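Peer 1: Residues 1 to 66 (full-length UniProt numbering) are what the sequence shown spells out, left to right.
I have a structure I would like to understand better, so I am pasting it below and will then ask my questions one at a time.
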Amino acid sequence: MVLQYQVPDMSCEHCVQTITRAVTQALPGAQVRADLPNHRVTVTGTDDKPLVEGAIRGAGYTPTPA
């Protein structure tokens, strides 16, 4: 399954690293791809939407399903 999120407050490479780390710590084995110019995060390897969204929110960002 592919989960995609708009994350408007992801604005730099540090944000990308923080989100990636938060998701992969919450869901070992998940793969995170960030499209910084379009503020989009794609997560594969899981279908646990609440856990992915919670990890991103817990890192201080505001994901919206895309």
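Heads up, the beta-carbon is just placed ideally off N, CA and C, and yes, glycines get one too.
Bear in mind that the values here come from a model prediction, so they are computed numbers and not experimental data.
1. So for Pro-65, helix, strand or coil by DSSP?
2. List the endpoints of the continuous alpha helix (DSSP H) containing Thr-20.
3. For Val-52, name the three-state secondary structure that DSSP assigns.
4. Once you ignore the five residues that flank Ala-26 on each side, which residues in its own chain have a CB closer than 6 Å to its CB?
5. His-39 and Met-10: beta carbons closer than 9 Å?
6. How far does the beta strand (DSSP E) with Thr-42 in it extend, from its first residue to its last?
Peer 2: Looking at the atomic coordinates:
1. Counting from 1 along the sequence shown, the entry for residue 65 is found at position 65. Looking at Pro-65 - three-state DSSP - the assignment turns out to be strand.
2. On the sequence shown, residue 20 is found 20 positions in, with the first residue counted as 1. In the DSSP assignment, Thr-20 falls within the unbroken alpha helix (DSSP H) covering 13 to 26.
3. By one-based count along the sequence shown, residue 52 stands at place 52. DSSP places Val-52 in the helix class (H, G or I) of the three-state scheme.
4. Your numbering for residue 26 matches position 26 in the sequence shown. The answer, listed in chain order, is Leu-51 and Ala-55.
5. For the purposes of this step, residue 39 is taken as the residue at position 39 of the sequence shown. For the purposes of this step, residue 10 is taken as the residue at position 10 of the sequence shown. In this structure, His-39 lies near Met-10, with their beta-carbon atoms less than 9 Å apart.
6. Here residue 42 refers to the residue found at position 42 of the sequence shown. Per DSSP, the unbroken beta strand (DSSP E) holding Thr-42 starts and ends at 40 to 44.
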